[in-house]
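Asks: Residue numbers (the numbering used here): 198 to 648.
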Amino acid sequence: MEKIPKTVEKVLWTLQEAGYEAWCVGGCVRDCLLGKEPMDWDITTAALPEETLRLFDGRTIPTGLKHGTITVLTDGAPVEITTFRVDGDYLDHRRPAAVKFTRSLEEDLKRRDFSVNAMAMALDGTIRDPFGGRADLERQVLRCVGDPKRRFEEDALRILRGLRFSATLRFSLDPATDRALREKRALLGSIAAERVWAEVSRLLCGADAAAVLRGYPEVMGVIWPELLPMIGFEQRNCHHVYDIWEHTLHALAAVPGDLILRLTMLLHDVGKPDCFTVDGHNVGHFRGHCARSAELADMMLRRVRCERVTRETTVRLVAWHDRDIPRTEAGIGHALSELGETDLRRLLAVKRADNLAQAPECRDIQREIRAGENILNRLIAEGACVSLHQLAVNGQDLAELGFHGAAIGKTLHRMLNHVIDGVLTNERDSLLRWASHELQRCEMRCEIPPC
Ligand code: ATP
Ligand code: MG
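#1: Do Lys-307 and Phe-328 count as a contact pair if the criterion is CB distance below 9 Å?
#2: Assuming Val-269 is part of the beta strand (DSSP E), what are its boundary residues?
#3: Check the C-beta distance from Pro-246 over to Leu-262 and give it rounded, since I have them as a contact under 8 Å.
#4: What residue from Leu-231, Pro-235, Gly-216 has the CA that sits closest to Val-205's CA?
#5: How far does the alpha helix (DSSP H) with Glu-415 in it reach, from first residue to last?
#6: When DSSP labels each residue in this structure, what does Cys-648 get in the three-state scheme?
#7: With burial defined as no fewer than 16 other Cβ atoms inside 10 Å of the residue's Cβ, what is the status of Val-620: buried or exposed?
#8: Is it the case that the Cβ atoms of Thr-445 and Val-452 are separated by a distance below 9 Å?
#9: For the stretch 413 to 427 and the stretch 515 to 527, state whether three or more C-beta atom pairs, one from each stretch, are separated by less than 8 Å.
#10: Where does Trp-421 land, buried or exposed, given buried means 16+ other C-beta within 10 angstroms?
#11: For Gly-232, which residues in the same chain have their Cβ closer than 6 Å to its Cβ, ignoring the five residues on either side in sequence?
#12: Among the residues of its own chain, which have a CB less than 7 Å from the CB of Arg-549, if the five just before and after it don't count?
#13: Have a look at Cys-648 and Ala-603 and give me their C-alpha separation to the nearest angstrom.
#14: Taking one C-beta from the stretch 460 to 478 and one from the stretch 499 to 514 each time, how about it: are there three or more such pairs within less than 8 Å?
#15: Looking at the unbroken beta strand (DSSP E) that takes in Glu-199, where does it start and where does it end?
#16: Rounded to whole angstroms, what's the CA-CA distance from Ile-267 to Thr-365? Just pull it up for me.
#17: In angstroms with no decimal places, state the Cα-to-Cα distance between Val-342 and Asp-305.
#18: Any heavy atom of ligand 2 within a distance shorter than 8 Å of the CB on Asp-310?
#19: Would you check whether ligand 1 has a heavy atom nearer than 8 Å to the C-beta of Leu-354?
#20: Say yes only if the C-beta of Ala-219 is nearer than 8 Å to one or more non-hydrogen atoms of ligand 1, and no if none qualify.
#21: Between Gly-599 and chain D, is any beta-carbon pair separated by less than 9 Å?
#22: Secondary structure at Ser-584, three-state DSSP: helix, strand or coil?
#23: Looking at Pro-235 and ligand 2, is the gap between the Cβ and the nearest heavy atom below 8 Å?
#24: Using 8 Å as the cut-off, can you tell me whether the stretch 581 to 599 makes contact with the stretch 469 to 488, which would need three or more C-beta pairs spanning the two stretches below that distance?
#25: With H, G and I counted as helix, E and B as strand and the rest as coil, what does DSSP make of Trp-210?
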């Protein structure tokens, strides 16, 4: 079992010495019992907020004083201390209207979402587990503390937390919790986008994300109804053995648990149902689906307030996922120039996963992707010129030759394209010679360079 860190021990000890009960609680206890290193350590105590403030005088931040949470800065990381509390009535399926402090640990554990998250651990390793969390950990089951319907009604975010823990811990849901979670799914509509996104983004990166999406599409559909038309949509062409949704889930399972890659796989074909046509041979086509998927992905990610860089990168990869990139130095060089190394590597991972989720007869593509990757590795190792700042000449050089205004940028871009195509070498003299020629050619035709 993981050991309580020294800084946390010190806080527990300080509270206990002053005569207050103090326990590690929630996720850290769960993770300790699973033999995993906890992300953060939460402490719960009988001490009232003002008592905690007094005890750690000068080393505190009143993080959530209203809810009884104080952050203590010890020599290591900050530690959160929350007073035992009972939540008041929930008015809007989100937050309790008021919280009441209590001197009873059990009361505090009762307000927590799942039995595996409702355990406390003392300094000496004693575990308090009034709701059978340990047994559920062994059975690998998520079970609400108390009546599941009521718990989801109180705070609908617990619906998504349940799916997030199922995806990350690879636990299944207890039958009553499962039924209530599905039944109460519409309440998710009242949850703030930021809270939804915090859970969805972690769910998608979970080891069992594909299985959870497969099991609970109607819950995901409350957040993103755009996903629902993919379910059961037959593709009717020789590249596919699965409907769009099954293909999507297989592709998602074939990339590592990285948010951008998982999002790209989830959304890469979301526009397909809108683009479906059948030809005279009864073969299905999805012309324009990359652009449509990118458009929908952008809308869907904006709606959940996904951070900008993640959204933009995902949308770009979705738009590019089906583009044929020639396996030549020029082909890979142009893609590298447009996407940059990180995103081109991501794109290759996307293509690989997309193909792995297609008909087994189409797997030759894997070899092509590897060939592309080899070229990319070579270009990177050689420091190949793929961007303007790597060119052996710059705008100043062109201005000195007699180029003006917009012609400078345009000419630099043309030069870069020629270098990537292997038509020009990236040497200062030959680039300047080419540029002078261009200038002369344009002047002879009385055109504004570049012509
Ligand atoms: P992790 O930190 O690994 O994501 P966690 O279980 O610690 O998992 P936190 O969001 O840090 O999750 O919450 C800490 C604890 O607070 C939980 O273990 C749970 O006991 C309680 N908790 C958090 N959110 C809720 C909620 N919406 N309803 C009820 N209890 C909650
Ligand atoms: Mg936590």
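Ideal Cβ positions, reconstructed from N, Cα and C, are used throughout, including at glycine.
Replies: A quick look at the data gives this:
#1: yes
#2: 266 to 270
#3: 6 Å
#4: Pro-235
#5: 414 to 420
#6: Note that Cys-648 scores a pLDDT of 46, beneath 50, so its modelled location is shaky; the value from the coordinates is reported in the next line. The answer is coil: DSSP assigns Cys-648 none of H, G, I, E or B.
#7: exposed
#8: no
#9: no
#10: buried
#11: none
#12: Gln-563, Ile-566
#13: In this prediction, Cys-648 has a pLDDT of 46, which is less than 50 and means its spatial position is unreliable; what the coordinates show is noted afterwards. Those two C-alpha atoms are separated by around 12 Å.
#14: yes
#15: Segment: none, Glu-199 is in no beta strand (DSSP E) and carries neither H nor E.
#16: 28 Å
#17: 12 Å
#18: no
#19: yes
#20: no
#21: Going by chain labels, chain D is absent from the structure shown, which holds only one protein chain.
#22: coil
#23: yes
#24: no
#25: helix
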